[in-house]
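**Student:**
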Amino acid sequence: MKNFSTRVLGAALTLLLSTGVLAQPLELARDAPDQYVVVRGDTLWDISAKFLQKPWRWPEIWQLNREQIRDPHWIYPGDVVYLDNSSGTPRLRLGKPMGRGGAYGERAERARPEVRSEALPATAVPTIDGQAIAPFLNRPLIVDEQGLQSHPRIIATQDGRVYLSRGELAYARGIPDGAGADWHVYRPARALLDPDTRKPIAWEAQFVGSARLERDGDPATLRMQAVSEEVGPGDRLMPAERQDIPNYVPSPPQSDVEGRIVSIHRGVAQAGRNSVVAVNVGASQGVAVGNVLGIKERGRLVRDPETRKEVRLPGEPIGHLLVFRVFDKIAYGLITAASRDISIGDDVTNP
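As numbered in this note's numbering, the sequence shown has no gaps in its residue numbers, which increase by one up to the final residue, 540.
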């Protein structure tokens, strides 16, 4: 794992160099502290935001190509983060709480015989809050144009009920013999529309519950394990996927990106920090997992008083998102910063 993380960090730094980002000086936050004590619940992004105006550039201020830091899992609650400007280029370094009475420093006081107790190892600080994106990593999101038509389907419910609840039985066709035990239940896919053309650019499956296979056959018998929406005949099944939450190293896209936000999780009209959104740019536009995109409000149209022609005003920056899952024409991102409400149709660009 450590060798893998080293390669990821090295690739990220190479990308930063190739895009010219490292040539730009790091801008410290106006109220950047001299030191900060890490607490449980912090993320690398949050910690870096205390020191940097652009916290997504934390791989640079931590100088991750140094031997000291070999992978992102190296900061723990209780560690002390110091801002070091001694070389003329700001960098962050770590210290440990030393001595008694809450003092911090490089030297420990003389030890005395005493009874000691040590807590279990603390959980390392992640890049972002992984719980916000976990459901999107473990479930398929984008399906082909035919939706879920080729997947197993629920044909009946226990006692002929209209909808199923947790613990009740469902009967499904199309599950092959020897298939896995755990299944996700989906509603037929809905189209994600391009904000400009209003034409479908991808089809998104709606997760509605999870089930466990109890008996093979045609139909097979499943028991509902969890239900987030109404589940009934006509809903489709996909094998449940398990994926650990990776620790992302943020980087700018390798090419210029111009896109729009096309949906917000749970169908709400506006999003904020830690909301998940879909954007209409993906792998075919050069977007990759770990890319940071800037969010700008969609500039409104005004009429030039002299030419009488409509002109779109430039959008103002209102936030950032971190891309965590990429398909051909769609990417999903977690909003990591927002200065105001973010809406469907807002622009996404290079940070």
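Think of the CB as a built atom: it goes at the ideal place given N, C-alpha and C, for glycine as much as any other residue.
May I ask which residues mark the beginning and end of the beta strand (DSSP E) holding W372?
**Tutor:** Walking along the sequence shown from the start, residue 372 turns up at place 183. Run containing W372: D371 to L382, per the beta strand (DSSP E) assignment.
**Student:** Contact defined as beta carbons within less than 8 Å: I believe G534 pairs with R462. What is the distance between those atoms, to the nearest angstrom?
**Tutor:** For this step, residue 534 is matched to residue 345 along the sequence shown. For this step, residue 462 is matched to residue 273 along the sequence shown. Not a contact, Cβ separation roughly 19 Å.
**Student:** Need the endpoints of the beta strand (DSSP E) that P248 sits in, please.
**Tutor:** By 1-based counting over the sequence shown, the position of residue 248 is 59. Note, P248: premise wrong, no beta strand (DSSP E); alpha helix (DSSP H) at W247 to I250.
**Student:** Give me the Cβ distance between P540 and R449, rounded to the nearest whole Å; I'm assuming they're in contact under 8 Å.
**Tutor:** By one-based count along the sequence shown, residue 540 stands at place 351. By one-based count along the sequence shown, residue 449 stands at place 260. So it is not a contact: roughly 16 Å between Cβ atoms.
**Student:** Going by DSSP, which residues form a beta bridge with G398?
**Tutor:** One-based indexing of the sequence shown puts residue 398 at position 209. Beta-bridge pairing links G398 to V374 and V416.
**Student:** Whole angstroms is fine: what's the gap from G230's alpha carbon to A238's?
**Tutor:** Position 41 of the sequence shown, counted from the first residue, corresponds to residue 230. Position 49 of the sequence shown, counted from the first residue, corresponds to residue 238. For G230 and A238, the distance between alpha carbons rounds to 14 Å.
**Student:** When the Cβ atoms of the segment 483–500 are set against those of the segment 396–407, are three or more pairs found closer than 8 Å?
**Tutor:** no
**Student:** Which same chain residues, not among the five before or five after Y225, have their C-beta less than 6 Å away from its C-beta?
**Tutor:** Here residue 225 refers to the residue found at position 36 when the sequence shown is read from its first residue. So the list reads K239 and V270, once near-sequence residues are dropped.
**Student:** In its own chain, which residues sit with a C-beta less than 7 Å from the C-beta of E403, not counting the 5 before and 5 after it?
**Tutor:** The count along the sequence shown starts at 1 and reaches residue 403 at position 214. The residues are T410, L411 and R412.
**Student:** Please classify S473: does DSSP put it in a helix, a strand, or coil?
**Tutor:** For the purposes of this step, residue 473 is identified with residue 284 of the sequence shown, where counting begins at 1. S473 falls in the helix class under three-state DSSP.
**Student:** Based on the DSSP output, what are the partners of P389 in its beta bridges?
**Tutor:** Along the sequence shown, read from residue 1 onward, the residue named residue 389 stands at position 200. For P389, which the question treats as bridged, DSSP gives the partners L382.
**Student:** Between which two residues does the alpha helix (DSSP H) holding I453 run?
**Tutor:** As a first step, residue 453 is located in the sequence shown; it is residue number 264 there, counting from the start. Per DSSP, I453 belongs to no alpha helix (DSSP H); it is in the beta strand (DSSP E), E447 to I453.
**Student:** Quick check: the Cα distance between A391 and I519, rounded to an integer number of angstroms?
**Tutor:** As a first step, residue 391 must be located in the sequence shown, where it is residue number 202. As a first step, residue 519 must be located in the sequence shown, where it is residue number 330. Their Cα atoms are separated by approximately 7 Å.
**Student:** F516 by DSSP, collapsed to three states: which one?
**Tutor:** Here residue 516 refers to the residue found at position 327 of the sequence shown. In this structure, F516 counts as coil in the three-state DSSP scheme.
**Student:** May I have the straight-line CA-CA distance separating V465 from P441, to the nearest angstrom?
**Tutor:** As a first step, residue 465 is located in the sequence shown; it is residue number 276 there, counting from the start. As a first step, residue 441 is located in the sequence shown; it is residue number 252 there, counting from the start. Cα to Cα, V465 sits roughly 19 Å from P441.
**Student:** Looking at the structure shown, is P244 part of a helix, part of a strand, or coil, going by DSSP?
**Tutor:** Within the sequence shown, the letter at position 55 stands for residue 244. Looking at P244 - three-state DSSP - the assignment turns out to be helix.
**Student:** Tell whether a beta-carbon distance below 8 Å holds between G475 and V515.
**Tutor:** Taking the first residue of the sequence shown as 1, we reach residue 475 at position 286. Taking the first residue of the sequence shown as 1, we reach residue 515 at position 326. Against a cut-off of 8 Å, the Cβ pair of V515 and G475 comes out as no contact.
**Student:** Helix, strand or coil: how does DSSP classify A526 here?
**Tutor:** Residue mapping note: residue 526 aligns to position 337 of the sequence shown, counting from 1. In the structure shown, A526 falls within a strand segment according to DSSP collapsed to helix, strand and coil.
**Student:** Tell me which residue opens and which closes the beta strand (DSSP E) that A236 is part of.
**Tutor:** The residue labelled residue 236 in the question sits at position 47 within the sequence shown. Here residue 236 turns out to be Ile, not Ala, going by the sequence shown. No beta strand (DSSP E) contains I236, which is instead part of the alpha helix (DSSP H) from L233 to A238.
**Student:** Going by DSSP, which residues form a beta bridge with Y135?
**Tutor:** No answer is possible for residue 135: the residues shown for the chain start at 190 and end at 540.
**Student:** Beta strand (DSSP E) containing Y360: first to last residue?
**Tutor:** Here residue 360 refers to the residue found at position 171 when the sequence shown is read from its first residue. Taken as a continuous stretch (DSSP letters only), the beta strand (DSSP E) holding Y360 covers L358 to R362.
**Student:** With DSSP as the reference, label Q549 as helix, strand or coil.
**Tutor:** Because residue 549 is not part of the residues shown, which for the chain are 190 to 540, the question remains open.
**Student:** Are R376 and E393 touching if we call contact CB-CB under 8 Å?
**Tutor:** Taking the sequence shown and counting its residues from 1, one reaches residue 376 at position 187. Taking the sequence shown and counting its residues from 1, one reaches residue 393 at position 204. Not closer than 8 Å, so no.
**Student:** Tell me which residue opens and which closes the beta strand (DSSP E) that A429 is part of.
**Tutor:** The residue given as residue 429 occupies position 240 in the sequence shown. Here A429 belongs to no beta strand (DSSP E), and DSSP marks it neither H nor E.
**Student:** Go ahead and pull the three-state DSSP assignment for D220.
**Tutor:** By 1-based counting over the sequence shown, the position of residue 220 is 31. Coil.
**Student:** For the beta strand (DSSP E) containing V466, name the first residue and the last one.
**Tutor:** In the sequence shown, the residue the question calls residue 466 occupies position 277. Note, V466: beta strand (DSSP E), V465 to V468.
**Student:** Which word fits R501, buried or exposed, when buried means at least 16 other C-beta atoms lie within 10 angstroms of its C-beta?
**Tutor:** In the sequence shown, counting from the first residue as 1, residue 501 sits at position 312. R501 should be labelled exposed.
**Student:** Starting from the Cα of A361, find the closest Cα among R425, L215 and L490 and give me that residue.
**Tutor:** Working through the sequence shown from its first residue, we reach residue 361 at position 172. Checked all of R425, L215 and L490; the closest Cα to A361 is R425.
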